[in-house]
Amino acid sequence: MINKFSKINYGSYQNFEWSDSLPEFKTLNILYGRNYAGKTTLSRILRSFEAKEPHHNYPNATFEIKFENNNTLNESNIKDEHKDLCIRVYNKDFVRENLSFLINDDAQGANIKAFSSIVVGKINIDIQTEIEKLKQQLGNQKDEEQNIEASGFYKELQDLENNKKEIERQIKDKNQDEQLREKAKSIKANPNFIKQGRNYDITIIKKDINETIKDENNIAQHIISQQKQDEYRNIIKDEPKNPINFKVLFNQNNFSQIVSGAKILIEKEIIAKEVIENDLRKWLEKGLELHQHDSEKCKFCESPLSKERIKWLIEHIKDDSSDKIDLENKLQDWLNNFESYKALDSNVVPIKDDVFYVQNKDKFNNLKENLANNIKCYNDELDKIKKSILSKQDNIFENLQLDTNSIKDYSQEIQKDLQSIQSLCNENDEKTKTLGEEQNKARECLRLNGVANFIKDIKYFETQAEIEKLKQSFNKYDENEKIVKSNIQKTKNEIEKLENSLSDEKAGADKANEYLKNFFGYNQLEFKSIPDRNGEFEIHRAGKPAKNLSEGECSLLAFCYFVAKLQDKDTEGKKPIIWIDDPISSLDNNHIFFVFSLIDSEIAKSKNYTQLFISTHNLEFLKYLKSLTGFELRGSETQWTPMFLIEKQHSSEIKKMPLHIRKYITEYNYLFEKILECAKFQTPNDITVDIYYGVANHIRKFLDYYLFFKYPNNESLMRKYEYFFGDYQKASFVNRIINELSHLEETTIRATVPLDLQEIQRVAQCVIKTIKAKDKEQFNALLESIGKSGGKDNV
């Protein structure tokens with residue numbers, strides 16, 4: 001809602017600024033001012049926003065309008081888009097633009113010029129021309145029966161549709177979905193590819209291709225060797241195995257202990273009583289055993305064998321010392337335990353390869369074979385030690401050495417093999433837990449191998465790239481098709497809109513005729529359509545084209561059309577700011593009440609507006625406006641409907657309307673005030689040309705009112721002037737001045753001589769003094785009605 005015109009430098013307004021003493025605009029606002037005071041200028045400022053262009057007469061004008069939300073608009077915003085601002089202005093410019101036949105500014109005296117034919121709103125021929133232009137752009141659809149070829153937008157659409165069909169055909173030819181569907185079916189049937197019971201179709205094979213293999217460069221990495229395929233098939237064949245009960249029982253420290261114990265026995269020294277060669281000692285010991293019960297003679301040579309000799313031999317040859325016996329026993333014990341010292345594979349690894357999964361069997365057998373070899377080497381090294389033990393046992397008195405450097409300990413190798421077997425068993429047990437997952441992985445690898453070889457054979461990615469190129473072309477044609485379809489629809493909508501605008505204008509004219517009949521009782525004047533010229537109208541009077549319309553009739557027709565336009569589709573529902581500038585003609589007061597009724601019924605009571613401004617030069621119309629729906633003069637002054645006075649001396653100004661005009665409703669009071677103002681000017685130079693011409697009319701009208709009630713008889717007006725002024729000379733002087741300044745048709749010479757400003761002031765002073773002298777009570781009452789007292793005056 002508009003609050004005020006903050007600044008105006010526009011037309012008759014020069015450096016105007018809104019005074020702080022002025023009330024701001026409200027929902028309903030009334031403005032009064034004489035002709036040419038500046039009312040229309042204000043309406044033109046508002047209409048520049050409606051028309052989106054400044055008035056052609058004021059291209060460099062400046063102004064600032066303040067709104068209730070503290071937003072401002074000025075001349076630089078005229079062409080901007082203001083979505084929330086809807087303005088509808090009725091003024092002379094509206095009439096010129098919409099019903100230009102009513103006004104001819106070029107004619108002498110701006111008289112009304114009637115044309116034989118008019119179009120309400122936009123000229124129909126322009127609309128029809130635009131429709132034909134749009135239809136040419138739209139073109140024709142192909143019709144083989146009528147032998148009509150497509151043209152315009154329809155031809156573009158047809159070509160695009162044909163191009164799309166051709167691309168669709170090519171895409172269909174290259175489509176590999178059927179091949180993929182068959183491949184997916186064979187994969188689903190193969191348990192090595194898909195676990196039975198699960199689904200596998202074209203959607204999933206495309207997912208394998210596009211999300212796993214992804215592109216042509218990755219095909220090779222999914223193709224696997226025959227050996228790897230066999231390995232995966234074996235994994236799939238595997239059944240879950242029981243846990244393997246295997247523990248490492250081998251003590252890798254045993255060997256070193258055996259070696260160190262054997263070394264002590266072998267290298268232990270036993271000292272003989274008689275030094276005798278070992279073979280001879282063995283021979284003698286054997287002989288003593290043979291002659292132990294029969295010692296009379298030698299059984300070999302039969303020589304006599306005395307007891308003394310045998311005793312000596314026993315004491316010096318057999319040598320049964322405790323050290324010797326102890327060593328012999330230990331050597332024999334070592335030999336007795338020799339087999340237990342060996343690492344026997346049947347005891348160390350009591351499991352077979354059938355407890356392992358296929359991929360672990362070879363690992364196990366290799367480890368077991370390696371273990372057997374290391375055990376054999378381990379036992380071979382023990383055999384070396386055994387030989388040394390036997391040598392010591394054979395010649396216990398001989399000093400022997402065990403060369404440990406030549407003996408290798410295979411305990412670590414055996415331990416390592418056993419631990420590897422243990423790890424393999426653990427791995428095998430863990431595999432039981434993940435067998436399902438590994439089998440799924442194996443199936444996936446086999447499946448992807450099959451898919452990869454398949455898409456390589458059918459050149460899948462190459463073909464898909466070609467299809468994608470075709471799809472891009474298709475999408476381009478499709479986008480262009482949408483654009484063309486949109487252009488077709490927009491063009492059809494625009495044609496429909498323009499065609500509807502003709503009917504809308506007809507509806508507007510019908511509505512205007514309704515107003516003419518219902519509000520003005522006019523059955524003679526009407527907007528009448530012209531046959532075979534859709535949308536064109538003539539103004540008819542009594543059924544015939546109207547000629548020489550009066551200014552009042554022109555105003556009436558234009559205003560009815562404006563009110564009808566407020567209901568068109570461009571305005572309906574937008575609650576516009578409405579500015580009605582001077583709807584009453586200066587030369588025709590016959591329609592004042594009817595215009596007021598139309599405003600009150602169709603605009604004010606409907607409240608279908610954001611803000612309403614009505615300006616007038618007509619005091620009678622102003623009187624009616626004070627009873628308009630929404631007008632308020634009750635309560636405090638701040639609650640009153642704002643009323644403004646537009647005045648112009650050197651420059652137009654917006655003022656607060658005087659209290660007497662706001663409160664009183666007759667023109668009589670106002671005319672008295674204007675005559676009094678002229679009479680009280682300090683010097684004639686204070687009187688402007690506007691005042692000069694206006695006061696003559698004011699005096700003439702005031703005297704008409706005053707003298708009619710004072711002398712209500714059939715005397716001539718001049719005679720009444722004589723009664724009022726008291727002598728013929730004053731009466732003649734006043735009559736001459738006010739008639740010469742009000743009318744020129746019989747005194748055209750007056751228009752060629754300079755203005756005498758003193759004359760009009762003397763006339764005004766004469767009228768005021770005469771009333772004061774002859775009718776003191778009337779004079780004081782008039783002063784009071786315009787807010788002045790009769791105590792002081794310099795007239």
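Take full-length UniProt numbering: the final residue in the sequence shown is number 795, and no numbers are missing along the way. C-beta atoms are modelled at their ideal positions from N, C-alpha and C, and glycine is treated no differently. Remember, predicted model here, so these are calculated numbers, not experimental data.
Asked	Found
Cα-Cα separation, D105 to G635	Here D105 scores only 41 on pLDDT, less than 50, and its place in the model should not be relied on; the value that follows carries that caveat. If you take the alpha carbons of D105 and G635, they lie about 46 Å apart.
Selection from Y378, E427 and Q252 that minimises the alpha carbon distance to N242	E427
L549 in three-state terms, based on DSSP	coil
For M657, the three-state DSSP class (helix, strand or coil)	coil
Proximity of A442 and I235 at Cβ, strictly below 8 Å	yes
The region 389-405 / the region 264-272 touching (three or more Cβ pairs under 8 Å)	yes
Three or more C-beta pairs below 8 Å linking the region 25-35 and the region 46-55	no
Residue environment, G709, which counts as buried when at least 16 other CB atoms sit within 10 Å	Note on residue identity: the sequence assigns Phe, not Gly, to residue 709. Classification of F709: exposed, given that the 10 Å Cβ count is below 16.
Of the listed residues K565, A564 and H540, nearest to E553 (C-alpha basis)	H540
Beta-carbon spacing of S423, F255 below 8 Å	no
Distance between R47 and I87 (C-alpha atoms, nearest Å)	7 Å
Cβ separation of I614 and I577, assumed to be a contact under 8 Å, to the nearest whole Å	Between I577 and I614 the Cβ distance is about 12 Å, and since that is not below 8 Å, they are no contact.
Given E496 as reference, the closest of A37, L85 and K135 once Cα atoms are compared	K135
Nonlocal neighbours in the same chain, by C-beta distance under 7 Å from Y711, ignoring five residues either side	K720 and Y723
Within 8 Å, strictly: CB atoms of K492 and L138	yes
Assigned secondary structure, Y13 (DSSP; H/G/I helix, E/B strand, else coil)	strand
Bounding residues of the beta strand (DSSP E) (the contiguous stretch that carries G543)	G543 -> no beta strand (DSSP E), and no H or E assigned at all.
Candidates V349, E81, F594 and D429, of which the one nearest P240 by Cα	D429
With 16 other Cβ atoms within 10 Å as the buried cut-off, status of N366	exposed
Rounded C-alpha distance that separates G787 from Q611	30 Å
Own chain residues within Cβ distance below 8 Å of S388, not counting five before or after	A262, I266, L400 and L402
Assumed close pair S12, G38 - CB separation to whole angstroms, cut-off 8 Å	5 Å
C-alpha distance - T212 paired with K363, whole-angstrom precision	32 Å
For Y705 and K4, the rounded distance between their alpha carbons	37 Å
Minimum C-alpha distance to residue 882 - residue among F67, Q141 and N147	Residue 882 is absent from the structure shown; the chain starts at 1 and stops at 795.
Span of the alpha helix (DSSP H), counted from its first residue to its last, around I615	Reading off the sequence shown, one finds Ser at residue 615, where the question assumed Ile. No alpha helix (DSSP H) holds S615; the beta strand (DSSP E) holding it covers Q611 to T616.
8 Å contact criterion, which K408 and E381 should meet: CB distance rounded	6 Å
DSSP beta-bridge partners of S606	Beta-bridge pairing links S606 to no other residue.
Spatial distance of Y477 from N163 (CA atoms)	7 Å
Backbone secondary structure at R198 - three-state DSSP	coil
C-alpha gap between K247 and S186, whole angstroms	47 Å
Counterpart residues of D143 in DSSP-defined beta bridges	I148
Host beta strand (DSSP E) of Y32 (start-end)	L28 to G33
Per DSSP, the bridge partner or partners of I87	I577
Beta-bridge pairing of Q646 - partner residues as DSSP gives them	Note that residue 646 is Ile in the sequence shown here, rather than Gln. DSSP lists G33 and I654 as partners of I646.
Collapsed DSSP secondary structure at T666 in the structure displayed	coil
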